[in-house]
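Numbering of the sequence shown is given in our numbering, commencing with residue 24 and proceeding in unit increments. Beta carbons: idealized from backbone N, C-alpha and C, even for Gly. Fair warning: this is a prediction, and the values are worked out from it, not measured in the lab.
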Amino acid sequence: MDITNFLKVDLTPAQIGISFLLAFALAFIWATVYKRTHSGVAYTRSFYLSLLLIPPIVAMIMMAIGSNVALSLGLVGSLSVIRFRAVIKDTKDMTFLFLAIGIGLCAGATAWMVGIIGTVVISLITVVMSKMGNTKPGSSDYILIFRSGDKEPWSKVDPETQSLIKWKQLRGATDVDHGKEFEYTYSVRLAGKATPEKIIRGISNGSGAFRQVTLITPENHLEL
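See below:
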């Protein structure tokens, strides 16, 4: 058996280098789009790094396999042994991951123009849709939780703070101190450019009728 067969590939060193560089470049663009369009409290750094590393890894696998049927079958067999236990809660993150794999496939298959145009177009669409989504009412929905001994707590909130809340609805009330204090849960929608910090500060600094004021993002908007 000729040992040179193990070193033989259908690509030149220049093509291999270009494929790796392109995979890294497009991966950086796509990971940056993920970081910039993330609307949660903080983006997941490990997922961000995964978006950077997956394309060159997939490109390397594609270049190694080439048109070799035996290697492709071996890859399928090895993947069937690996157990992926990472849980992706947001379907949008799965979409980012899917395109990262697509970038690697295009780079490894030397379909460079497809990868470049596809990444640029999809990135622009993602940015535009993200900007449009931030103007929708649903993007400013929160859950407000606080404790108060007053049966009509909203009457104790100053008008300026009330103007920051466009809409509210009582979701629940729990007796936490034998009728002396209740924990209220509201669904609220912020008005205009109101921020969670302003809401919490305004309610906490009120007449002293509120304690343990918490403003959290609903599960369908939480992106940690």
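| Between the C-alpha atoms of Leu213 and Arg194, what's the straight-line distance to the nearest angstrom? | 17 Å
| Three-way DSSP call (helix, strand, coil) for Thr158 in this model | Here the model assigns Thr158 a pLDDT of 46, short of 50, so the residue's position is not dependable, and the following value carries that caveat. Reduced to three states, the DSSP call for Thr158 is coil.
| query | According to DSSP, which residues form a beta bridge with Gly195? | reply | Residue pairing from DSSP places Gly195 in a beta bridge opposite Thr208.
| For Phe217, which of Trp190, Asp200, Gln235, Tyr209 has the nearest alpha-carbon? | It is worth fixing the name first, because residue 217 is Ala in this sequence and not Phe. For the set Trp190, Asp200, Gln235, Tyr209, the Cα lying nearest the Cα of Ala217 is the one of Trp190.
| message | Is it buried or exposed, Ile222, if we count other Cβ atoms within 10 angstroms and call 16 or more buried? | response | Taking every protein chain shown into account, the CB of Ile222 has 16 or more other CB atoms within 10 angstroms, so this residue is buried.
| field | C-alpha distance - Ser227 paired with His201, whole-angstrom precision | value | 23 Å
| Under three-state DSSP, which class holds Val180? | In the structure shown, Val180 sits in coil (DSSP, three-state: anything other than H, G, I, E or B).
| For Ile139, which option in Asp33, Gln38, Ala50, Phe121 has the closest C-alpha, if you only look at C-alpha atoms? | Ala50
| task | Assuming Ile39 and Met86 form a contact by the criterion Cβ under 8 Å, report the distance between their Cβ atoms to the nearest whole angstrom. | result | 6 Å
| Under 9 Å between the Cβ atoms of Val151 and Ile124? | no
| said: Once DSSP output is grouped into helix, strand and coil, what is the label at Thr133? | reply: coil
| For Lys115, three-class secondary structure by DSSP | helix
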